[in-house]
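Heads up: the sequence shown at position 86 corresponds to 820 in my numbering, and the numbers run straight through without jumps.
Virtual Cβ for every residue (Gly too), placed ideally from N, Cα, C.
If you're wondering where the values come from, they're calculated on a predicted model, not measured in any experiment.
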Amino acid sequence: MILESKVHERNLVKWAADKPEVVVFSADLTSSTEIALFKETYPDRFYSFGMTEQNMMSAAGGMAREGFTPFVHTFAVFMYRRALDQIEMSIAYPNLRVRIFGFLPGITTPGGATHQAINDIGVLRTVPNMTILETGDATEVESVLDVAQSVDGPVYVRQLRGQIPRLFKDPMVLGRCRVLSEGSDLALITSGIMTEEALRVTNVLRKRGVSLEHIHVSTHKPFEDERILEAISKARYGVITMENHTIIGGLGSEVAEMMSEHAIPKRLIRIGLRDTYAHGGSRDYLMKYYGMDALSLARAVEELLGQKLDIEESDLEEPRVEASGAEHKAEDL
């Protein structure tokens, strides 16, 4: 699997070329959110607000009222924690066309609790009018711009940056999941970086005789896809969700709500952060430490099936095989 670098930075410049209404906002994180090339290419459509996220959100609402479409970029924690009131009152309440790109979701940064957005989906799902998307690979990073722009209202995008794998060929579609494999024993529902992690073990599970339906979710709100409901309904032993987020309020809660509303009496295991802040460390280390890795998924499958599958670390596949010549650099914090 080839990793691609700075997908959003290159794609945004190309995509916005014939869209003069699109303006880009930065909160003193221009290079860290991959918008430096946009600043160089369209300097009259770029606005730097410094470390004033609340002012930036209010300004985004004001410019949206004047016919512009602001694309706001910052680390997710500095957006929904610091500027929630401005998001609600200046953007969501008047239902304005503002696109908010939150970087460093969950444990994709080693920066610890101050930088890890672990409950952003849970918080923003409660905000009326807000559409919530999450990218899981390079194809979705590229196509999320069209999806966001198709929404007549505010959109929050959980965005990836840096070295990103290309898992999918087809572009993201609003409200539509991806069915990666079909099966009737278990339904596995994953989102964001957790899909890549799950793919390390799904083939191993099939070789062990597990009939697995694997679904990738990129739209968290609205969460109404009938194909997810179908997969849950036919799963003989139960459902597993995997998310780069606390299990409270995110994908696991979305699935639980769907199961409850449709009276589906099946076991649900939620893999994610379990009511805790994460500490600093590499992504791989944090996944293992908090039970969010591929081996933890294998153990959850064993729990639902009620049998041992004898899957060990050495059995797992390693999707990230080859880099595409891009530089590897330390995380910008």
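Original post:
Do three or more CB pairs link the stretch 838-854 to the stretch 795-803 at distances below 8 Å?
Top reply: Contact annotation: the stretch 838-854 does not touch the stretch 795-803, with fewer than three C-beta pairs closer than 8 Å.
**OP:** Assign Q893 to one of two classes, buried (16 or more other C-beta atoms within 10 Å of its C-beta) or exposed (fewer than that).
**Re:** The residue in question, Q893, is buried, as its Cβ has 16 or more Cβ neighbours within 10 Å.
**OP:** Would you kindly report the start and end of the unbroken alpha helix (DSSP H) that includes E814?
**Re:** The sequence given here places Tyr at residue 814; Glu does not occur at that position. Looking at the DSSP string, the run of the alpha helix (DSSP H) that includes Y814 is A810 to Y814.
**OP:** Starting from R744, trace the alpha helix (DSSP H) both ways and give me its first and last residue.
**Re:** Annotation: the continuous alpha helix (DSSP H) that includes R744 extends over V741 to W749.
**OP:** With a 10 Å radius around its C-beta and 16 neighbouring C-beta atoms as the bar for buried, classify H950 as buried or exposed.
**Re:** With a 10 Å radius around the Cβ and a threshold of 16 neighbouring Cβ atoms, H950 comes out buried.
**OP:** Assign S884 to buried or exposed, taking buried as 16 or more other Cβ atoms, counted over all protein chains shown, within 10 Å of its Cβ.
**Re:** Counting Cβ neighbours within 10 Å, S884 comes out exposed, since fewer than 16 surround it.
Subject >> Three-state secondary structure (DSSP) of P777 >> reply: In this structure, P777 counts as helix in the three-state DSSP scheme.
Subject >> Residues that DSSP places opposite L1007 in a beta bridge >> reply: Residue pairing from DSSP places L1007 in a beta bridge opposite T980.
Original post:
Going by beta carbon distance, what residues of the same chain come within less than 7 Å of G986, once the five residues before and after it are set aside?
Top reply: Closer than 7 Å at Cβ, skipping near neighbours: T975, E977, R1004 and G1006.
Subject >> Span separating the alpha-carbon of K753 from that of Q820 >> reply: Looking at the two C-alpha atoms, the distance is approximately 26 Å.
Original post:
So, helix, strand or coil for I898, using DSSP?
Top reply: Reduced to three states, the DSSP call for I898 is strand.
**OP:** Compute the beta-carbon to beta-carbon distance between A817 and L838, rounded to the nearest angstrom, for a pair I have assumed lies under 8 Å.
**Re:** The pair is not a contact, with the Cβ atoms about 16 Å apart (cut-off 8 Å).
Subject >> Alpha-carbon spacing of E988 relative to V913, whole angstroms >> reply: Roughly 17 Å between the two C-alpha positions.
**OP:** Indicate the three-state DSSP secondary structure (helix, strand or coil) for K1042 in the structure shown.
**Re:** Three-state result, K1042: coil.
Original post:
Of all the options L771, R895, V857 and L763, which has the alpha carbon lying nearest to the alpha carbon of I981?
Top reply: When L771, R895, V857 and L763 are compared, the shortest CA-CA separation from I981 is found for V857.
Subject >> Start and end residues, alpha helix (DSSP H) containing E988 >> reply: Unbroken alpha helix (DSSP H) run through E988: L985 to E995.
Original post:
Since A840 and H979 are thought to touch, with beta carbons under 8 Å apart, how far apart are those beta carbons, to the nearest angstrom?
Top reply: Checking the displayed sequence, the identity of residue 840 turns out to be Gly instead of Ala. With 8 Å as the limit, G840 and H979 qualify as a contact, their Cβ atoms being about 5 Å apart.
**OP:** Run the CB neighbour count on H996, radius 10 Å, all protein chains shown included, and call it buried at 16 or more, exposed below.
**Re:** Around the beta carbon of H996, fewer than 16 other beta carbons lie within 10 angstroms, which makes this residue exposed.
Original post:
Looking at R900 and T873, is the spacing between their C-beta atoms short of 7 Å?
Top reply: Result yes, Cβ atoms of T873 and R900 sit closer than 7 Å.
Subject >> Beta-carbon proximity check, A707 vs V935, cutoff 7 Å >> reply: The requested residue 707 is not part of the displayed model; the chain covers only 735 to 1067.
Subject >> Where E1056 sits in the DSSP three-state scheme >> reply: Caution applies to E1056, whose pLDDT of 35 falls short of 50 and renders its modelled position unreliable; the value that the coordinates give is listed next. Residue state, collapsed to three classes: strand.
Subject >> Unbroken beta strand (DSSP E) run spanning S967, endpoints >> reply: No beta strand (DSSP E) holds S967; the alpha helix (DSSP H) holding it covers E960 to K968.
Original post:
Quick one: is F772 buried, meaning 16 or more other Cβ sit within 10 Å of its Cβ, or exposed?
Top reply: Flag for F772 reads buried.
**OP:** Tell me I834's beta-bridge partners as DSSP assigns them.
**Re:** Paired residue(s): V806 and Y890.
**OP:** Taking V756 as part of the beta strand (DSSP E), name the residues at either end of that continuous run.
**Re:** Judged by DSSP secondary structure, V756 falls within the beta strand (DSSP E) whose first and last residues are V756 to S760.
Subject >> Delimiting residues of the beta strand (DSSP E) encompassing F786 >> reply: A quick correction: the sequence has Thr, not Phe, at residue 786. That residue, T786, is in no beta strand (DSSP E); it is neither H nor E in DSSP.
Original post:
How big is the Cα-Cα spacing for L933 and K941?
Top reply: So the two alpha carbons sit approximately 13 Å from each other.
**OP:** Put I974 into one of helix, strand or coil per three-state DSSP.
**Re:** Three-state DSSP puts I974 in a strand.
Original post:
Three-state secondary structure (DSSP) at S925?
Top reply: If DSSP states are grouped into helix, strand and coil, S925 belongs with the strands.
Original post:
With DSSP run on the structure shown, which of helix, strand or coil describes E738?
Top reply: If DSSP states are grouped into helix, strand and coil, E738 belongs with the strands.
Original post:
The beta strand (DSSP E) with V913 in it runs from where to where?
Top reply: Unbroken beta strand (DSSP E) run through V913: R912 to S915.
Original post:
If you drop the 5 nearest sequence neighbours on each side, which residues of the same chain put their C-beta closer than 6 Å to that of P905?
Top reply: If we look at P905 and ignore the five residues flanking it on each side, its Cβ neighbours are S877.
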